[in-house]
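Asks: Chains A and B, in that order, are what the protein sequence lines are. Okay, so the first sequence: first residue is 2 according to my numbering, each after it adds one. Okay, so the second sequence: first residue is 36 according to my numbering, each after it adds one. We put the beta carbon where it would ideally sit given N, CA and C, even for glycine.
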Amino acid sequence: MYAYLVKTLIGVFSLDENRRVISFKPFSKDPSQIAMKLSEDSPSEIQQIRTEFKNFEFVSGNLKMEAFVKENLLKYAIEYSFVKNQVEFNQLLTKVNSELAKQKIKETSRRDQLVIHVNNAIEELDKSVNVFIERLREWYSFHFPEMDRMIENHETYVALIEKFGNRQNIDDKKLNHLKDRSSGMDFTEDDTNILKLFASDITKLYQLRESLLDYQSKLVKDVAPNFSAIAGDAIAAKLIAKAGGLERLSRMPSSTIQLLGSEKALFRFLKSRGRSKSPKFGLIYNHPMIQNSPRETQGKVARLLAAKLSIASRIDYYSKEYKADEMKKDLENKVKKILSSKE
Amino acid sequence: MAEMKQTKFHGVFKIDGRIATVNLVPGKKAYGEDLIKDRGVEYRIWDFWRSKPAAAIKNGLKELPLKKGMAILYLGIANGTTSSHFSDIIGKEGLIYGVEISGRPFRELLPIAEKRGNIIPILANARMPEDYENNVLSKVDLVYEDVASNDQVEILIRNCLKFLKPKGYAVIAIKSQSIDVTRNPREIYKECIKEFEKHFDIIDKVELDPYEKYHLFVVMKSKR
Ligand SMILES: C[S@@+](CC[C@H](N)C(=O)[O-])C[C@H]1O[C@@H](n2cnc3c(N)ncnc32)[C@H](O)[C@@H]1O
């Protein structure tokens, strides 16, 4: 026999196929306890019902049953003496939803801290991968020194070793004519096997890096939808990490955002008492809008961009209401004006 | 001394050219409004300058579909200024589901909601009704919208299709400036009304000038 499980604000119901209540396990009447139960996937009440009624096959997540119970919830709540009347029921609803909302505010307001961790993890990973690659290149160059300059792309270099190992086995347009005349020493099978293993682990680190980047993109869109749409996901993540979170970022004047990530250059400028150049931009330098502007206008564009980013960070901190499309359009128009007034 | 008098609107009173509702939680203000006692009943002044339905009444609105015991879905409830008066009118047996996207005004709403016991605070985007359909227990008598965004018409229609009872009411404060700043507000109103008429009968509409510039207040009833 089938029976349906429905989790509600007042407890867990189980109903048979004719929508008769088989069992009801009430929650405690404390609103914050109820809120906690509602955010659990499988509160203990569900387990209780499952163990008490062994002859039923329980199904949860049936939309029709859920809708039916939801519509009749007030009736049930009074029937099972959870509340005395509608007024008490409304008060309970209000309190529980208020608790749920508080939890939601707490969660969403801390997710920006995750951006800092992923971003730092990516930076650390990049450093490690670089160290490993350098080691691999030097090491393998004992065996096949000509390949080092021929294959400049690190990932390709690693992939070739992982796939072929010994230079005799390599099959690659750029390398085939070099491998027989190589000035490198011969490697035994042991010598190459360990390098293949090394290379395959570096490849795994590259894959990890991709996963981290994907996750970071999703996270930053969620935490700062407007800011990331204007800055680009990667730059947005770096800026949030550098600032120490969205709240701090939202309190920064745009001139600070413009220079975020240029601390070293700024320090040099201050120490030189104006004899070296003051930096015009920090991390935002890599933004396509600045990259695609002629050098003389880059400073102006950076100022406009930073001003928009500053507004976007505030919207994201306070409301996350999506306005980035209009903001981007406005920014593009302003930049166009600067560029055309140059000509 | 002047006396409170019942207006033609359910639960709305007038005194000295101002309007008021009976305070559901005596002694407590929601947003700094004046409290007035008359024959043992405490009233809260409903400020024309701070609340759009009050401005609409002042500007000659003929019908406001609010009654004791009603269930309302309120989109863009903000810090609860207007909804506190709705809460007075519908009483403890009524219920307001209040949807707000922004955390800041929402935080101010929470204590008001808890004190009043008939406002359910929901932190969500009114563009995504699926995200709060679990919070809304049954269909509502009225959907009220004041969100000031360029897709305000669409948001109202989608929420009504999902949550409004048959022959239920929809009320909106259209802000033309959110739809297009460069165009004549009246033209924009006309277009919105045309869109609404596919789903609703228009019962009444008034502009909110000078209390709110570029706003049209519209009361409608579902055709379905
Ligand atoms: C003009 S205010 C509302 C004032 C309120 N109705 C009153 O009179 O007390 C508009 C509110 O709508 C909210 N809002 C805007 N877009 C929204 C959306 N998509 N979903 C929910 N709320 C939204 C804003 O955050 C803002 O608080």
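1. Considering only the beta carbon of each residue, do V22 of chain A and R112 of chain A sit closer than 8 angstroms?
2. Is any non-hydrogen atom of ligand 1 found closer than 7 angstroms to the C-beta of I112 of chain B, if you look at the structure I gave you?
3. Could you tell me which residues DSSP puts in a beta bridge with F59 of chain A?
4. Taking DSSP as the reference, what is the three-state secondary structure of K128 of chain A?
5. Return the residues of the segment 138-158 of chain B that lie within a Cβ-Cβ distance of less than 8 angstroms from chain A, sorted by chain order.
6. From this set, A:W140, A:D192, A:N121, A:K164, which residue's C-alpha is nearest Q217 of chain A's C-alpha?
7. Taking beta-carbon pairs under 7 angstroms, can you tell me which members of the segment 227-238 of chain A lie near chain B?
8. Could you check which residue in B:E168, B:E226, B:Y167 has the C-alpha nearest to that of Q187 of chain B?
9. Can you pull out the residues from the segment 190-202 of chain B whose beta carbon lies closer than 8 angstroms to at least one beta carbon of chain A?
10. So which residues of chain A does K127 of chain B contact, with C-beta pairs closer than 7 angstroms?
11. Considering only residues of the same chain and omitting the five flanking positions on each side of G245 of chain A, which have a CB-CB separation below 8 angstroms?
12. Mind listing the chain B neighbours of Y319 of chain A? Cutoff is C-beta to C-beta under 7 angstroms, in chain order.
13. Can you tell me which of A:P27, A:E333, A:L213, A:F199 puts its alpha carbon nearest to the alpha carbon of Y81 of chain A?
14. Specify the secondary structure class of D234 of chain A as computed by DSSP and reduced to three states.
15. Please tell me whether N114 of chain B has its Cβ less than 8 angstroms away from any Cβ of chain A.
16. Taking Cβ-Cβ distances shorter than 7 angstroms, what residues in chain A pair up with N170 of chain B?
17. How far does the beta strand (DSSP E) with Y78 of chain B in it extend, from its first residue to its last?
18. Just to make sure I have the definition right: I need the residues of chain A whose C-beta is within less than 8 angstroms of the C-beta of S173 of chain B. Which are they?
19. For a test of your reading of the model: does the CB of A313 of chain A fall under 7 angstroms from any non-hydrogen atom of ligand 1? Yes or no.
20. Which residues in the same chain as E180 of chain B place their Cβ atom closer than 6 angstroms to its Cβ, once the five residues preceding and following it in sequence are excluded?
21. Leaving aside the five residues before and after K243 of chain A along the sequence, list all residues of the same chain whose C-beta is less than 6 angstroms from its C-beta, in chain order.
22. When you measure from the CB of P226 of chain A to every non-hydrogen atom of ligand 1, does any distance come out below 7 angstroms?
23. Buried or exposed: where does D123 of chain B fall if 16 or more other Cβ atoms within 10 Å of its Cβ makes it buried?
24. Chain B partners of I106 of chain A, CB-CB under 8 angstroms?
25. Which residues, in order along the segment 303-335 of chain A, keep a beta-carbon less than 8 angstroms from a beta-carbon of chain B?
26. Rounded to whole angstroms, how far is the Cβ of L101 of chain B from the Cβ of F121 of chain B, which I believe are closer than 8 angstroms?
27. Starting from I50 of chain A, trace the alpha helix (DSSP H) both ways and give me its first and last residue.
28. At least one CB of chain A closer than 8 angstroms to the CB of L9 of chain B: is that the case?
29. Report buried or exposed for G104 of chain B, applying the criterion of at least 16 other Cβ atoms within 10 angstroms of its Cβ.
30. Given 7 angstroms as the limit, tell me if V134 of chain B has its C-beta closer than that to any heavy atom belonging to ligand 1.
31. Are the beta-carbon atoms of E149 of chain B and K85 of chain A separated by less than 8 angstroms?
32. For the pair the segment 224-233 of chain A and the segment 155-175 of chain A, tell me if three or more CB-CB distances fall below 8 angstroms.
33. In the structure shown, what three-state DSSP assignment does L110 of chain B receive?
34. Given that a residue counts as buried once 16 or more other Cβ atoms are within 10 Å of its Cβ, and exposed if not, what is V178 of chain B?
35. Going along the chain, which residues of the segment 92-117 of chain B sit with their C-beta nearer than 8 angstroms to a C-beta in chain A?
36. So is T95 of chain A in contact with chain B if we call contact Cβ pairs under 8 angstroms?
Replies: Judging by the given coordinates:
1. no
2. Answer for I112 of chain B: yes, Cβ within range of ligand 1.
3. A:A4
4. helix
5. G138, R139, F141, R142, L145, A148, E149, R151, G152, N153, I154, I155, P156, I157, L158
6. Comparing Cα-Cα distances from Q217 of chain A to each of A:W140, A:D192, A:N121, A:K164, the minimum goes to A:N121.
7. Among the residues of the segment 227-238 of chain A, none has a Cβ less than 7 angstroms away from any Cβ of chain B.
8. B:E226
9. none
10. Within chain A, the residues near K127 of chain B are V88, N91.
11. I117
12. S137, G138, R139
13. A:P27
14. helix
15. Nearest CB-CB separation between N114 of chain B and chain A: not below the 8 angstroms threshold.
16. N98
17. 76-81
18. K71, E72
19. Incorrect: A313 of chain A has no Cβ contact closer than 7 angstroms to ligand 1.
20. Excluding sequence neighbours, E180 of chain B sits near L110, L191, I207.
21. Around K243 of chain A: L261, G262.
22. no
23. Buried, by the Cβ-count rule.
24. Within chain B, the residues near I106 of chain A are G138, F141, R142, L158.
25. Y319, S320, K321, E322
26. 6 angstroms
27. 45-53
28. In the structure as shown, chain B starts at 36 and stops at 259, and residue 9 of chain B therefore has no counterpart that could be examined.
29. exposed
30. Within the chosen limit of 7 angstroms, ligand 1 reaches the beta carbon of V134 of chain B through at least one heavy atom.
31. For E149 of chain B and K85 of chain A, no; Cβs fall outside 8 angstroms.
32. no
33. strand
34. buried
35. Listed by position, the residues of the segment 92-117 of chain B near chain A (Cβ gap below 8 angstroms) amount to none.
36. Yes, contact with chain B.
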